[in-house]
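Numbering (the working numbering), first residue to last: 1302 to 1545.
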């Protein structure tokens, strides 16, 4: 509910872009305790079709590209037991941590749009640190998402970034350099990936992974987007991992 193109379109575009492996990690559904319906994720009823479609493509394209099946998930503590059951039931290859909401999107606003105060930064901090500590996730997606809506990268942001990076280093969990953010935040005064955040990540010795976060399959065809991200991280001296 937040991207365009079919599953197969993404596979074909990835092959066109020269990728040898493609991981799918659409936003996870949640089995809510309320009647809340999210506007940016699949429903629980759609999950089997998502997995079955990707398994079929994985088999059909096995001689051309390796396909991994995953989900991008928040750390919703009350729903984590259900999430673990889903990961086992569908034998998912991985899940990644997208810190979009505090505790649940049933009650709390999107960090990428409403982190406008130091109080919201504190909620972001609490949520992302707990998620990393859980050990559930292969990597942290767009760890600097908070700056998309925060007025400026001030001392509060520096302190938060330092805590995130220290925790990532301690947990040996990669931080994602999110290529999609470059387009999403184009023209904004502040945005992600944020240069100050990534200088801190370099200073703390963090691992990174380049994530395309493709919401349109065609961006996978532009290999320069990935290559430029790699060059930027190499210039900072940040070690990049390509497999999770």
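Every residue gets a Cβ at the ideal spot worked out from N, C-alpha and C, and that includes glycine.
Subject >> Pairwise C-alpha distance: residue 1465 and residue 1431 >> reply: Here residue 1431 corresponds to residue number 130 of the chain shown, with the count starting at 1. Here residue 1465 corresponds to residue number 164 of the chain shown, with the count starting at 1. Answer to the nearest angstrom: the Cα atoms are 10 Å apart.
Original post:
When DSSP builds the beta bridges, which residues end up paired with residue 1368?
Top reply: Here the question's residue 1368 lines up with position 67 in the chain shown. Per DSSP, 1323.
Original post:
Can you name, in chain order, every residue of its own chain whose Cβ lies under 6 Å from the Cβ of residue 1305, other than the five neighbours on each side?
Top reply: Residue 1305 sits at position 4 when you count from the first residue of the chain shown. Counting only Cβ-Cβ distances below 6 Å, and skipping sequence neighbours, we find 1517.
Original post:
Count the other CB atoms within 10 Å of the CB of residue 1358; is the residue buried (16 or more) or exposed (fewer)?
Top reply: The residue labelled residue 1358 in the question sits at position 57 within the chain shown. Label assigned to residue 1358: buried.
Original post:
What does DSSP give as the partner residues of residue 1398 in its beta bridges?
Top reply: Here residue 1398 refers to the residue found at position 97 when the chain shown is read from its first residue. BP columns for residue 1398 point to 1374, 1441.
Original post:
Just curious, the beta strand (DSSP E) that residue 1478 is in, first and last residue?
Top reply: Position 177 of the chain shown, counted from the start, is the residue given in the question as residue 1478. Where residue 1478 is concerned, the enclosing beta strand (DSSP E) stretches over 1476 to 1479.
Subject >> Range covered by the alpha helix (DSSP H) that runs through residue 1428 >> reply: Within the chain shown, numbered from 1, the residue matching residue 1428 stands at position 127. It spans 1419 to 1434 - the alpha helix (DSSP H) in which residue 1428 sits, taken as one unbroken run.
**OP:** Could you check the C-alpha separation between residue 1530 and residue 1383 for me, to the nearest Å?
**Re:** Your numbering for residue 1530 matches position 229 in the chain shown. Your numbering for residue 1383 matches position 82 in the chain shown. If I take the Cα positions, the gap works out to 35 Å.
Original post:
If we count the other Cβ atoms within 10 Å of its Cβ and call it buried at 16 or more, is residue 1525 buried or exposed?
Top reply: Your numbering for residue 1525 matches position 224 in the chain shown. Its Cβ having fewer than 16 others within 10 Å, residue 1525 is exposed.
Subject >> Where residue 1416 falls, given that 16 or more other Cβ within 10 Å makes a residue buried >> reply: On the chain shown, position 115 is the one that residue 1416 refers to. It counts as buried.
Subject >> Contact set for residue 1534: own chain, Cβ-Cβ below 8 Å, skip 5 residues either direction >> reply: Numbered from its first residue, the chain shown carries residue 1534 at position 233. Correct list, in chain order: 1478, 1499, 1509, 1511, 1541.
Subject >> Spatially closest choice to residue 1495 from 1521, 1440, 1483, by CA coordinates >> reply: Taking the first residue of the chain shown as 1, we reach residue 1495 at position 194. Answer by Cα proximity: 1483.
Original post:
If we count Cβ pairs, one from each stretch, closer than 8 Å, do we get three or more for the stretch 1375 to 1393 versus the stretch 1446 to 1458?
Top reply: no
Original post:
Could you give the distance in angstroms between the alpha-carbon of residue 1373 and the alpha-carbon of residue 1328?
Top reply: Your numbering for residue 1373 matches position 72 in the chain shown. Your numbering for residue 1328 matches position 27 in the chain shown. Approximately 5 Å, taken between the alpha carbons.
Original post:
Can the beta-carbon of residue 1507 be found closer than 8 Å to that of residue 1513?
Top reply: In the chain shown, the residue the question calls residue 1507 occupies position 206. In the chain shown, the residue the question calls residue 1513 occupies position 212. Contact flag unset, no.
**OP:** Just the C-alpha distance for residue 1376 and residue 1434, rounded to the nearest angstrom, thanks.
**Re:** Taking the chain shown and counting its residues from 1, one reaches residue 1376 at position 75. Taking the chain shown and counting its residues from 1, one reaches residue 1434 at position 133. Between residue 1376 and residue 1434, the C-alpha separation is close to 10 Å.
Subject >> Straight-line gap, residue 1522 to residue 1309 (C-alpha atoms, nearest Å) >> reply: By one-based count along the chain shown, residue 1522 stands at place 221. By one-based count along the chain shown, residue 1309 stands at place 8. Between residue 1522 and residue 1309, the C-alpha separation is close to 14 Å.
**OP:** Return yes when the Cβ of residue 1322 is within less than 8 Å of the Cβ of residue 1369, no when it is not.
**Re:** Stepping through the chain shown from its first residue, residue 1369 is reached at position 68. Stepping through the chain shown from its first residue, residue 1322 is reached at position 21. In this structure, residue 1322 lies closer than 8 Å to residue 1369 by Cβ.
Original post:
When the distance is taken between beta carbons, is residue 1397 closer than 8 Å to residue 1547?
Top reply: This structure leaves residue 1547 out entirely; the chain is present only between 1302 and 1545.
Original post:
From residue 1316 to residue 1365, what distance separates their C-alpha atoms?
Top reply: Indexing the chain shown from 1 puts residue 1316 at position 15. Indexing the chain shown from 1 puts residue 1365 at position 64. Taking the straight line from one Cα to the other gives about 7 Å.
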